[in-house]
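Colleague: In my numbering, the protein residues as written are 707 to 1008. Glycine included, every Cβ here is placed at the ideal spot set by N, Cα and C. This structure is a prediction, so every number in the text was calculated from the model and none was measured. Following this message is one structure expressed as structure tokens.
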């Protein structure tokens, strides 16, 4: 093949590659930078408005209780649209309202804090996503990948998931949105998923539930309220919450028990260790390992 023939073969390929690049760089005359403007330092200072669940098991439990669908969200550091969602859209109250009819989970494999807990056992929320720790949004990613991502790690991504109404372990995907060239089509899909949903959510939970009742909740908002009450309470209040957590078994917040394990009150710490020994939650294993680092009587260590 001479030079002229080679150019004749390659020219269409070059044009095609340029066309693909042009589509990626610009859609309907709008550049990627204008479509997904980068968040400013002031944007990042705003609080995240979406309430994420801490674990996949928590999300399933909340979805069963509320009758809401689950919305799986995927994010990636450095990707232009993901940065826009994390820094701007997830912090916008109007956009957050679109997510309220869902039980929301966020997946990202990137760590933004060196630690998930401080020396007193208090949670350190991820600065990018708000109410979850970095360990939580990292741990949930492979679970979601195996179930819903069809072997493709793509971000940003939004997947609406319905639970089996009969209580089985089957899940149904209503939509799986990725590679969208704009944000509005994504938000329209999120709205339409609820508007066209045949199943209606269960009646709203009572707003006058006591803290002891909320101890049994797997909802992250309830867990945060209970943990905050423990941190601010006196010994009697702490003891009451701890006893409620022990009675709740696997439904209790492991992070409530973690707070008590690190409590300077030795009686409360002992109660928490007893509660950890009785729970079947996988997350409790790390807390048990930390609890074993302090001096304990032989009978308790066994």
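Measure the CB-CB distance between residue 962 and residue 951 and report whether it falls below 8 Å.
Modeller: Contact: yes.
Colleague: Once the 5 residues before and after residue 786 are set aside, which same chain residues still bring their CB inside 6 Å of it?
Modeller: Same-chain partners within the cutoff: 738, 742.
Colleague: Which residue marks the beginning of the alpha helix (DSSP H) containing residue 920, and which one marks its end?
Modeller: Taken as a continuous stretch (DSSP letters only), the alpha helix (DSSP H) holding residue 920 covers 917 to 920.
Colleague: If you drop the 5 nearest sequence neighbours on each side, which residues of the same chain put their C-beta closer than 8 Å to that of residue 944?
Modeller: 936, 966, 969, 971, 974, listed in sequence order.
Colleague: Please return the same chain residues whose Cβ sits closer than 7 Å to the Cβ of residue 842, not counting the five positions on each side in sequence.
Modeller: 760, 761, listed in sequence order.
Colleague: What is the DSSP secondary structure of residue 756, reduced to helix, strand or coil?
Modeller: In the structure shown, residue 756 sits in coil (DSSP, three-state: anything other than H, G, I, E or B).
Colleague: Is the segment 760 to 777 touching the segment 922 to 937 in the sense that three or more CB pairs, one from each, lie closer than 8 Å?
Modeller: Result yes; three or more Cβ-Cβ pairs closer than 8 Å.
Colleague: Distance check for residue 844 and residue 907, CA to CA, integer angstroms please.
Modeller: Near 29 Å, if we compare the C-alpha coordinates of residue 844 and residue 907.
Colleague: Is the distance from the Cβ of residue 740 to the Cβ of residue 797 below 8 Å?
Modeller: Cβ distance not < 8 Å, so residue 740 and residue 797 don't count as in contact.
Colleague: Under a three-way DSSP split, which group does residue 877 fall into?
Modeller: Here residue 877 sits in strand by DSSP.
Colleague: Quick check on residue 834: buried or exposed, where buried means 16 or more other Cβ atoms within 10 Å of its Cβ?
Modeller: Classification of residue 834: buried, given that the 10 Å Cβ count is 16 or more.
Colleague: Just the C-alpha distance for residue 887 and residue 984, rounded to the nearest angstrom, thanks.
Modeller: Their backbone Cα atoms lie some 50 Å apart in a straight line.
Colleague: Between the alpha carbons of residue 964 and residue 993, how many angstroms are there, rounded?
Modeller: Straight-line Cα distance between these residues: approximately 6 Å.
Colleague: Going by C-alpha distance, which of 784, 793, 938 is nearest residue 750?
Modeller: Here the closest residue by C-alpha is 793.
Colleague: So, residue 863 versus residue 802, is the Cβ gap smaller than 8 Å?
Modeller: No.
Colleague: Can you list the alpha helix (DSSP H) stretches of 4 or more residues lying completely in the segment 886 to 942, in chain order?
Modeller: Taking only runs of at least 4 residues, the alpha helix (DSSP H) segments lying wholly in the segment 886 to 942 are 890 to 901, 917 to 920, 926 to 938.
Colleague: Quick one: what does DSSP say residue 959 is sitting in, helix, strand or coil?
Modeller: DSSP places residue 959 in coil when its eight states are reduced to three.
Colleague: Just grab the DSSP bridge partners of residue 866 for me.
Modeller: Its beta-bridge partners are 777, 881.
Colleague: Let me check understanding here. Comparing Cα to Cα, which of 953, 957, 866 lies closest to residue 807?
Modeller: Comparing Cα-Cα distances from residue 807 to each of 953, 957, 866, the minimum goes to 866.
Colleague: Does the Cβ-Cβ distance between residue 772 and residue 837 come in under 8 Å?
Modeller: Against a cut-off of 8 Å, the Cβ pair of residue 837 and residue 772 comes out as no contact.
Colleague: Using C-beta distances below 6 Å, list every residue in its chain close to residue 990, excluding the 5 sequence neighbours before and after it, in chain order.
Modeller: So the list reads 960, 982, once near-sequence residues are dropped.
Colleague: Around the Cβ of residue 909, are there at least 16 other Cβ atoms within 10 angstroms (buried) or fewer (exposed)?
Modeller: By the 10 Å Cβ count, residue 909 comes out exposed.
Colleague: In whole angstroms, give me the CA-to-CA distance for residue 996 and residue 824.
Modeller: Cα-Cα distance, rounded: 12 Å.
Colleague: Given a threshold of 16 other Cβ atoms within 10 Å of its Cβ, counted over all protein chains shown, does residue 874 qualify as buried or as exposed?
Modeller: Burial call: exposed.
Colleague: Pull up the DSSP beta-bridge partners for residue 829, would you.
Modeller: Bridge partners of residue 829: 823.
Colleague: Write down the C-beta distance between residue 790 and residue 861 rounded to the nearest angstrom, noting that I regard them as a contact closer than 8 Å.
Modeller: Actually they do not touch by this definition, with Cβ atoms about 12 Å apart.
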